[in-house]
Amino acid sequence: MLDAGGQYCHLEARKVRDLGVYAEVRESETPAAELRGAKGLIVSGGPSSVYDPGSPTVDAAIFAGGQAVLGICYGQQVMAHLLGGKVHKGVKGEYGLATLHLAETEDPMFGGLGGPQQIWMSHRDVVETVPEGFQVTGRTDTCAVAAMASSAKRLYGVQFHPEVAHTLRGLEYLSNFVFKVCGCEKDWDPRHRVPLIEQEIRDCVGARQVFFFVSGGVDSSVAFALTRRALGGDRVRGVYVDTGLMREGETDFVRGLAGLEVEDAQHEFLDALRGVTEPERKRHIIGEEFVLVQERIMERQHLMNEDWMLGQGTIYPDTIESGGTAKAALIKTHHNRVAGIQKLISSGRIVEPLKSFYKDEVREVGRELGLPAELLDRHPFPGPGLAIRCLCAEQEAAVEQTPEGWLIPVHSVGVQGDERSYKPVLAIDTQDMARATELTNRLSYMNRVVAAVETRAAVSEMRVRACSLTAERIERLRRADGAVRRLSRASGYDQQVWQFPVILIPLGTPEAPDSVVLRPVDSVDGMTAQSVRMDPDLLARMCAEVLSDATVAGVFYDLTHKPPGTIEWE
Ligand code: XMP
Numbered sequence: 063m064l065d066a067g068g069q070y071c072h073l074e075a076r077k078v079r080d081l082g083v084y085a086e087v088r089e090s091e092t093p094a095a096e097l098r099g100a101k102g103l104i105v106s107g108g109p110s111s112v113y114d115p116g117s118p119t120v121d122a123a124i125f126a127g128g129q130a131v132l133g134i135c136y137g138q139q140v141m142a143h144l145l146g147g148k149v150h151k152g153v154k155g156e157y158g159l160a161t162l163h164l165a166e167t168e169d170p171m172f173g174g175l176g177g178p179q180q181i182w183m184s185h186r187d188v189v190e191t192v193p194e195g196f197q198v199t200g201r202t203d204t205c206a207v208a209a210m211a212s213s214a215k216r217l218y219g220v221q222f223h224p225e226v227a228h229t230l231r232g233l234e235y236l237s238n239f240v241f242k243v244c245g246c247e248k249d250w251d252p253r254h255r256v257p258l259i260e261q262e263i264r265d266c267v268g269a270r271q272v273f274f275f276v277s278g279g280v281d282s283s284v285a286f287a288l289t290r291r292a293l294g295g296d297r298v299r300g301v302y303v304d305t306g307l308m309r310e311g312e313t314d315f316v317r318g319l320a321g322l323e324v325e326d327a328q329h330e331f332l333d334a335l336r337g338v339t340e341p342e343r344k345r346h347i348i349g350e351e352f353v354l355v356q357e358r359i360m361e362r363q364h365l366m367n368e369d370w371m372l373g374q375g376t377i378y379p380d381t382i383e384s385g386g387t388a389k390a391a392l393i394k395t396h397h398n399r400v401a402g403i404q405k406l407i408s409s410g411r412i413v414e415p416l417k418s419f420y421k422d423e424v425r426e427v428g429r430e431l432g433l434p435a436e437l438l439d440r441h442p443f444p445g446p447g448l449a450i451r452c453l454c455a456e457q458e459a460a461v462e463q464t465p466e467g468w469l470i471p472v473h474s475v476g477v478q479g480d481e482r483s484y485k486p487v488l489a490i491d492t493q494d495m496a497r498a499t500e501l502t503n504r505l506s507y508m509n510r511v512v513a514a515v516e517t518r519a520a521v522s523e524m525r526v527r528a529c530s531l532t533a534e535r536i537e538r539l540r541r542a543d544g545a546v547r548r549l550s551r552a553s554g555y556d557q558q559v560w561q562f563p564v565i566l567i568p569l570g571t572p573e574a575p576d577s578v579v580l581r582p583v584d585s586v587d588g589m590t591a592q593s594v595r596m597d598p599d600l601l602a603r604m605c606a607e608v609l610s611d612a613t614v615a616g617v618f619y620d621l622t623h624k625p626p627g628t629i630e631w632e
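63 is the number of the first residue of the sequence shown in my numbering; add one for each residue after it.
Right under this line is the structure:
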């Protein structure tokens, strides 16, 4: 998989692996000589134009050696451009669904795929003239070269995205390419790799010992368990830092995982956060506190000695920075910033057993190791924990009535372009998602729309009060989150959503000072997300549970997609 800078590159590689064929991501400009061992190459999509200065390209020799190559989207344009075809620089793009008409062809790539079919497009430029020796094999009403082929040279291009679900027969295209054109065998199964990875761990570590900071998430837990299995429990140490910002039952759950020690740092985190209301400051303080605690542990346990290595749960997308993963890399940095850790990394004393796997494959490996489903199937949870789900306010303020609903003066984050920005929230009295989407698109003075599901007092009578992060408020949020999680799990709803944050906002009455927001979302990788509906009966039960706490004034439901909202509220 040659990465031409697209967020789709990893998705494409993952789809090929899901078909049971090993795929690896390389820089697009990797010399052809280094790629000879591959049965086939796929040049990924990407946001550039072949005419942009410095846009990604490939070594043209890959098209001359008889190796099978498929260009997807930008990949098709690069192929056409380098082989003497013509690419037209588009002004307006084509984004969304289209109908593909395939030409009659015997070619194995398109075999069995006749008939008009739904595809998904996302491009600006198009191939106008195919290179010599190529045929146009597919078109849409607006795109004359939606697919092209040179069967004799084993070169193929598609302008659409076969890797997304909206291209209904997309997997058949990828499957035709890897099996019929490239002649690959279905022989990739991450579970079979476990003995090999264990050997790699033993080779890398030698006679040394390994320590991990385990977060309780899937990646670090699987990496830790795997390393223990490879080296034996007495050579591998894992520490989990209890920040006091974790969910109900989390620390007990982690204590149940074999071989983990718990470092209690609850008071340090809460003390450092006392009186702080500003979201970015909260994040910063938590990052700094992690550094201090980790340094203390490393010093106390003499982990800087030559006979120790650092183990990490880095997974494949974290190792390659492209458009889609830059943020993931950024988010992770604050945990890895400890000077001691940096020193270990720069001296190569680091072991990352999962660095060639995708998330779903890590789960497969975890199942092979016999780790509990409760651990492997858990939703993502942010490093700063409940702190960024417990909103604070600098000063007291009233709710404002507008023609569209009530404007609640708590500031939640949204994404405008690539920037995170803080704006108020609009509450409406229906759970009509289409209306919410229309409002978020139209009104620029707020970031998100919530439905008022059930409240003790009229929303117009509630106020936002000045408050910061206290043990009492964290505990209130923890109880609400615990109740929602129990009901979500028991009803099977947690399997239908990708993540389900529960947020506490300082909106209420003197007796019941806070309200709770439910934020169930569907997503593939967290970069974009859709708000998800819930069965009314389940929602009613969640409201009843949450409101059984007399200090909670109301339950709201976040109806906002990302963008423009974000998944988290801070
Ligand atoms: P947003 O709020 O940006 O979140 O839509 C996207 C995904 O990233 C997670 N997230 C974090 N994870 N540390 C983390 O480890 C963080 O500081 C952090 N902030 C957001 C969020 O839970 C969602 O899955």
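Where a beta carbon is used, it is the ideal one built from N, C-alpha and C, also for glycine. Predicted model only: the values in this text are computed from it and were never measured.
Relative to the C-alpha of Met495, which candidate in Gly588, Arg358, Val594 and Ala520 has its C-alpha closest?
Measuring from the Cα of Met495, the nearest candidate turns out to be Val594.
Where does Thr464 sit, in a helix, a strand or coil, going by DSSP?
Thr464 falls in the coil class under three-state DSSP.
Entirely within the stretch 410 to 443 and at least 4 residues each: give me those alpha helix (DSSP H) ranges in chain order.
Those alpha helix (DSSP H) runs which fall completely within the stretch 410 to 443 and span 4+ residues are 421 to 430 and 435 to 438.
Pick out whichever of Ala227, Gln179, Thr199 and Ser110 has its Cα sitting closest to the Cα of Gly219.
Scanning Ala227, Gln179, Thr199 and Ser110 for the CA closest to the CA of Gly219 turns up Thr199.
In or out: Val487 buried (at least 16 other Cβ within 10 Å) or exposed?
By the neighbour-count criterion, in which 16 or more other beta carbons inside 10 Å mark a residue as buried, Val487 falls on the buried side.
For Gly232, tell me which candidate among Arg201, Arg362, Val78 and Gln129 has the shortest Cα-Cα distance.
The shortest Cα separation from Gly232 among Arg201, Arg362, Val78 and Gln129 belongs to Val78.
What's the call for Met596, buried or exposed, on a 16-neighbour Cβ count within 10 Å?
When all chains shown are included, Met596 counts as buried.
Kindly identify the DSSP beta-bridge partner or partners of Glu274.
The amino acid occupying residue 274 in the given sequence is Phe; Glu does not appear at that position. DSSP, once it has assigned bridges, lists Gly300 and Gly373 as partnering Phe274.
Cutoff 6 Å; reference Val303; Cβ partners in own chain excluding five residues on either side:
Excluding the 5 residues flanking it on each side, Val303 has same chain C-beta neighbours closer than 6 Å at Glu325, Ala327 and Val355, in chain order.
For the alpha helix (DSSP H) that Ser550 lies in, which residues bound it at each end?
Judged by DSSP secondary structure, Ser550 falls within the alpha helix (DSSP H) whose first and last residues are Ala533 to Ser553.
Beta-carbon proximity of Arg510 to Leu621, cut-off 9 Å
The criterion of a C-beta distance shorter than 9 Å is satisfied by Arg510 and Leu621.
Through-space distance from Tyr70 to Val112, alpha-carbon basis
Taking the CA atoms as reference points, Val112 sits about 17 Å from Tyr70.
Provide the residue(s) that pair with His163 in DSSP beta bridges, ordered along the chain.
Paired residue(s): Arg201.
Using a threshold of 8 Å, is the CB atom of Phe443 nearer than that to any non-hydrogen atom of ligand 1?
Phe443 Cβ: within cutoff of ligand 1.
Within 8 Å, do at least three Cβ pairs link the stretch 282 to 300 to the stretch 426 to 446?
Yes, they touch.
Between Met366 and Leu406, what straight-line distance do the alpha-carbon atoms span, to the nearest angstrom?
So the two alpha carbons sit approximately 8 Å from each other.
Contacts around Leu448, its chain only, beta-carbon distance under 8 Å, and the 5 residues preceding and following it disregarded
Within the same chain, Leu448 has close Cβ partners Leu307, Met308, Arg309, Ile536, Leu539, Arg540 and Asp543.
For Lys394, which residues in the same chain have their Cβ closer than 6 Å to its Cβ, ignoring the five residues on either side in sequence?
The predicted position of Lys394 is uncertain, since its pLDDT is 38 and thus under 50; no value can be drawn from it.
By Cβ distance, which residues of its chain are closer than 6 Å to Ser418, with the 5 residues on each side in sequence left out?
Closer than 6 Å at the Cβ level, and outside the excluded window around Ser418, lie Tyr378.
Measuring CA to CA, which of Gln261, Glu260 and Glu323 is closest to Phe274?
Comparing Cα-Cα distances from Phe274 to each of Gln261, Glu260 and Glu323, the minimum goes to Glu323.
Could you work out which residue in Gly321, Glu91, Ser277 and Trp468 is closest to Arg297 when comparing CA atoms only?
Closest option to Arg297, Cα to Cα, is Gly321.
In chain order, which continuous runs of the beta strand (DSSP E) of length 3 or greater are located wholly inside the stretch 79 to 121?
Every beta strand (DSSP E) of 3 residues or more that sits fully in the stretch 79 to 121 is shown, in chain order, as 102 to 105.
Can you find the residues in the same chain that come closer than 6 Å, C-beta to C-beta, to Ala498, ignoring five residues on each side of it along the sequence?
Here the set comprises Val511 and Leu621.
Which of the three DSSP states, helix, strand or coil, is assigned to Ala390?
With a pLDDT of 36 at Ala390, under the threshold of 50, the modelled position of that residue is not reliable, and the figure given next carries that caveat. Three-state result, Ala390: helix.
Check whether the Cβ of Thr628 lies closer than 8 Å to any heavy atom of ligand 1, and answer yes or no.
Yes, the beta carbon of Thr628 sits closer than 8 Å to at least one heavy atom of ligand 1.
Taking the alpha helix (DSSP H) that Val324 falls in, what are its first and last residues?
No alpha helix (DSSP H) contains Val324, which is instead part of the beta strand (DSSP E) from Leu322 to Asp326.
Does the stretch 244 to 253 come within contact of the stretch 99 to 106, defined as at least 3 CB pairs closer than 8 Å?
Because the criterion of three Cβ pairs below 8 Å is met, the stretch 244 to 253 and the stretch 99 to 106 touch.
Proximity winner among Leu469, Gly476, Arg482 and Lys485, relative to Asp491 (alpha-carbon distances):
Taking only the C-alpha atoms, the option nearest Asp491 is Leu469.
Assigned secondary structure, Met63 (DSSP; H/G/I helix, E/B strand, else coil):
Met63: coil per DSSP, three-state reduction.
Taking the alpha-carbon of Gly158 as reference, which of Ile263, Phe196 and Thr204 has the nearest alpha-carbon?
Distances from the CA of Gly158 to each of Ile263, Phe196 and Thr204 were compared; the closest alpha carbon is that of Thr204.
Can you find the residues in the same chain that come closer than 6 Å, C-beta to C-beta, to Tyr420, ignoring five residues on each side of it along the sequence?
Hits under 6 Å: Arg76 and Tyr378.
Which ranges would you report for the beta strand (DSSP E) in the stretch 171 to 258 if only whole runs of at least 3 residues count?
Within the stretch 171 to 258, the complete beta strand (DSSP E) segments at least 3 residues long are 179 to 185, 188 to 191, 197 to 201, 209 to 212 and 217 to 220, listed from N- to C-terminus.
Grab me the residues of Pro170's own chain with a C-beta within less than 7 Å of its C-beta, minus the 5 sequence neighbours each way, in chain order.
Here the set comprises Asn238, Lys242 and Val243.
Hey, out of Pro93, Ser212 and Pro434, whose CA is closest to Ile124's CA?
With distances taken between Cα atoms, Ile124 lies closest to Pro93.
Cβ neighbour criterion (16 or more within 10 Å) applied to His254
Residue burial annotation: His254 is exposed, with fewer than 16 other C-beta atoms found within 10 angstroms of its C-beta.
State the DSSP-derived secondary structure class of Ser483, mapped to helix, strand or coil.
Strand at Ser483.
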